[in-house]
Amino acid sequence: MDQALIDQVKGFLDPREGRRLYELALEASRMGPCLEIGGYCGKSTVWLGTACRRNGMTLYSVDHHRGSVEQQPGEPYFDPELFEPGSFRIDTFPWFRATVETAGLEDTVVPVVCASRLAARHWKTPLALIFIDGSHDFESVEEDFRLWSRHLVTGGYLLLHDVFKDPAKGGQGPYLVYRNAVSLGIYHVLPMTGCLGVLRRKA
Ligand SMILES: C[S@@+](CC[C@H](N)C(=O)[O-])C[C@H]1O[C@@H](n2cnc3c(N)ncnc32)[C@H](O)[C@@H]1O
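Quick note on numbering: the sequence shown equals residues 802 to 1004 in my numbering.
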């Protein structure tokens, strides 16, 4: 794993969470392809994709690359370097593409550049790991969970980022979806790493 490369990619993942993504994807990608929602500039993509590459497997990375609400101008996570003055919009895709190329993942990662809902519309491929890290409001996380979790294979991993039980530490969307998923009783609940929730589909 090229830690120096990962450190210089813009993103929102702590190294311990990244390492856990890598370990889970290494195991999962022996069963089938993996998918993330929210690639941004490619930090999580490098962790997941490097693991998939080791097994000759594929990582689908779904992101419209226009940024979440909190990444727009005037919002707390706005990054002016990602702003396209011409179109007056965020565009993280050039950054994502450069990361994938530098990491040597062009034969592993399939960028799916559109809204999660659109990518899911005709999706049929069973998935061994799903990492949900797109928009963080409850409705969006719930929709991502509903649209994608049905494709998870038995023994596959469902991962949610930014799961904060304490509202003082972060928004409640991912936590409420995580809690609802746990209450279904169809997942083994595995230890979290940082704010990464880890569920495994039961038989
Ligand atoms: C928090 S960032 C992802 C961070 C990334 N996983 C990392 O490791 O740095 C959220 C990303 O989700 C994308 N996104 C938000 N809503 C989306 C949607 N409905 N469909 C596709 N992508 C979405 C945004 O464009 C943004 O790049």
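We treat Cβ as the ideally placed atom computed from N, Cα and C, and that holds for glycine. Just so we're clear, the structure is a prediction, and the values are computed from it rather than from any experiment.
- Counting only residues whose CB is nearer than 5 Å to a non-hydrogen atom of ligand 1, the list in chain order is GLY812, PHE813, LEU814, GLY839, TYR841, LYS844, SER845, ASP864, HIS865, GLY868, SER869, ALA916, SER917, ASP934, GLY935, SER936.
- For LEU806, the uninterrupted alpha helix (DSSP H) segment begins and ends at 804-808.
- For the 8 Å CB-CB criterion, VAL870 and LEU806 do not form a contact.
- Under the DSSP assignment, TYR958 falls in the beta strand (DSSP E) whose first and last residues are 953-961.
- The Cβ atoms of ILE891 and ARG867 lie closer than 8 Å to each other.
- The DSSP-derived three-state label of VAL913 is strand.
- When beta bridges are read from the DSSP output, THR994 appears opposite LEU997.
- 8 Å or more divides the Cβ of SER888 from the Cβ of ALA852.
- Closest in alpha carbon position to VAL863, among VAL910, ALA899, ARG855, is VAL910.
- The continuous stretches of beta strand (DSSP E) do not include PHE965, and DSSP gives it neither H nor E.
- Going by DSSP, PHE932 is part of the beta strand (DSSP E) stretching over 928-933.
- Non-local C-beta neighbours of GLY995 in its own chain, meaning closer than 7 Å and more than five positions away in sequence, comprise ASP815, ARG817, GLU818, ordered along the chain.
- Straight across, the Cα-Cα distance linking LYS966 with TYR976 is about 6 Å.
- A residue is called buried once 16 or more other Cβ atoms fall within 10 Å of its Cβ, and ARG1001 is buried on that count.
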